[in-house]
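Colleague:
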Amino acid sequence: MENQALNAAWGGRTRLACAGRLVLGPDRRTLAAAVCFIVVPYAVFLSRQGPDLGARLSWAPQAVVAALGAATVLVLLRTATSDPGIKMRVPHGMAPSEMPVATVNGRDVQLVWCRTCLRVRGPRTHHCAVCDNCVTRFDHHCPWVGTCIGARNYRTFFLLIHLAALSAGGVAALCGLQVYLVHDDEGYSVGGVLKRWPDSVIIGSWCALLTAALGFLCGFHVYLVFKNITTYEFYKGTGKEDLFGQGCVKNIADACCVLPPTELKREALQELAQGGIPRGLLEENLKYAGGLDTATKAAEGASMYQGTGLPSPHSPQLGNRVAPLPQYVDDPYAP
Numbered sequence: 005m006e007n008q009a010l011n012a013a014w015g016g017r018t019r020l021a022c023a024g025r026l027v028l029g030p031d032r033r034t035l036a037a038a039v040c041f042i043v044v045p046y047a048v049f050l051s052r053q054g055p056d057l058g059a060r061l062s063w064a065p066q067a068v069v070a071a072l073g074a075a076t077v078l079v080l081l082r083t084a085t086s087d088p089g090i091k092m093r094v095p096h097g098m099a100p101s102e103m104p105v106a107t108v109n110g111r112d113v114q115l116v117w118c119r120t121c122l123r124v125r126g127p128r129t130h131h132c133a134v135c136d137n138c139v140t141r142f143d144h145h146c147p148w149v150g151t152c153i154g155a156r157n158y159r160t161f162f163l164l165i166h167l168a169a170l171s172a173g174g175v176a177a178l179c180g181l182q183v184y185l186v187h188d189d190e191g192y193s194v195g196g197v198l199k200r201w202p203d204s205v206i207i208g209s210w211c212a213l214l215t216a217a218l219g220f221l222c223g224f225h226v227y228l229v230f231k232n233i234t235t236y237e238f239y240k241g242t243g244k245e246d247l248f249g250q251g252c253v254k255n256i257a258d259a260c261c262v263l264p265p266t267e268l269k270r271e272a273l274q275e276l277a278q279g280g281i282p283r284g285l286l287e288e289n290l291k292y293a294g295g296l297d298t299a300t301k302a303a304e305g306a307s308m309y310q311g312t313g314l315p316s317p318h319s320p321q322l323g324n325r326v327a328p329l330p331q332y333v334d335d336p337y338a339p
């Protein structure tokens, strides 16, 4: 019941479970398909090629590859169920009359107002159209993981693609080794090997292609980490400004070692599910909107709708259509 009430009040397409400890994106079917793409080739390889390779060589290589495959699945599930850095919605947020400006590395960056989440977005915070949430340090939405990749799950995503590349490469190498041994030891022609071990050739070819694709992806994200830019900033062209660069070592530490605190805390989520506004969100929103009195009046005005069966003018049910909006400014970081 707690999870149902929480998801009803949440408004986005993300689903929260265990009081916010588990966060699932909307692409849950693609996530299941990604798990199958990993598990099925491994199961076929270990059941078919494993015994033959164990008899010819040793079980040690298969054990290493199996451990890499298991680690890949675990890290995939960890990434898929982690909070990517979601910014909670403000149920009765009020837009400031003027957008604040943030200073980043000595340069001013104009912040923008999110009309869906009803709050001011930070310089690297963007609203994902798929998950329908604002995400801190938004990198991209990954359908295979089923959720967004942001400040809080980028580290596990970075580890995931490297583990996946290593495990796929290991399977491809062992399949190729088995084909070579069968051809060399038993004198089979290429056609004979294909007839006897077709699954070895198919799985080896599939994993070789997967290794090449994942290797390119790993290299791309290593470049992004060194430059301290996100995938979103790279494709929007804003990464060329080198606005967030702090040197190679600090860039690596910022992307892979810094874990910002989550906003999806149990107390705040419970208060949101009960129709209230978490204190931290209230203070942040009213810091920009004109003081505590302004926010208190907004919350009190919204309370008139409770118990009437009618949605508040600022509720997600109305799409926030009548929420006060600021005058727009040109923002190179807006989606």
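Counting from 5, one number per residue, gives the positions in the sequence shown under this note's numbering. We put the CB at the ideal spot given by N, CA and C, even for glycine.
I need the straight-line Cα distance from L72 to A172, nearest angstrom please.
Modeller: 9 Å
Colleague: Output the distance between the C-alpha atoms of T18 and V77, rounded to the nearest integer angstrom.
Modeller: Looking at the two C-alpha atoms, the distance is approximately 21 Å.
Colleague: Between T312 and I165, what straight-line distance do the alpha-carbon atoms span, to the nearest angstrom?
Modeller: Annotation note: pLDDT 39 at T312 (below 50); position unreliable, coordinate value reported separately. Those two C-alpha atoms are separated by around 50 Å.
Colleague: At 4 residues or longer, and completely inside the stretch 62–123: list those alpha helix (DSSP H) runs for me, N to C.
Modeller: 64–84
Colleague: Can you give me the start and stop residues for the beta strand (DSSP E) that N137 sits inside?
Modeller: The continuous beta strand (DSSP E) containing N137 extends over residues N137 to V139.
Colleague: With H, G and I counted as helix, E and B as strand and the rest as coil, what does DSSP make of A155?
Modeller: coil
Colleague: Determine the contact status of A150 and G58, defining contact as a CB-CB distance below 8 Å.
Modeller: Sequence inspection shows Gly at residue 150; the Ala mentioned does not correspond to that position. In this structure, G58 does not lie closer than 8 Å to G150 by Cβ.
Colleague: Going along the chain, which residues of its own chain have a beta-carbon closer than 7 Å to the beta-carbon of P74, five neighbours each way excluded?
Modeller: Looking at the sequence provided, one finds Ala at residue 74 rather than Pro. Counting only Cβ-Cβ distances below 7 Å, and skipping sequence neighbours, we find nothing.
Colleague: What three-state label does DSSP hand A21 in the structure shown?
Modeller: strand
Colleague: Using the C-alpha atoms, what's the distance from Y46 back to T140?
Modeller: 35 Å
Colleague: Taking contact to mean at least 3 C-beta pairs separated by less than 8 Å, is the stretch 227–238 in contact with the stretch 178–188?
Modeller: Result no; under three Cβ-Cβ pairs closer than 8 Å.
Colleague: Compute the distance between the beta-carbons of E3 and M92, then report whether it is under 8 Å.
Modeller: The requested residue 3 does not occur in the structure, where the chain is confined to residues 5 to 339.
Colleague: To the nearest angstrom, report how far apart R325 and G219 are at their CA atoms.
Modeller: In this predicted model, R325 has a pLDDT of only 36, less than 50, meaning its place in the structure is not dependable; the value taken from the coordinates is given anyway. Those two C-alpha atoms are separated by around 45 Å.
Colleague: For Q8, which of helix, strand or coil comes out of DSSP?
Modeller: helix
Colleague: Residues bridged to C132 by DSSP?
Modeller: Looking at the DSSP output, C132 sits in a beta bridge with N137.
Colleague: Find the nearest neighbour of V69 within the set V27, T83 and V43, judged by alpha-carbon distance.
Modeller: V43
Colleague: Do you know offhand how far F162's Cα is from K199's?
Modeller: 39 Å
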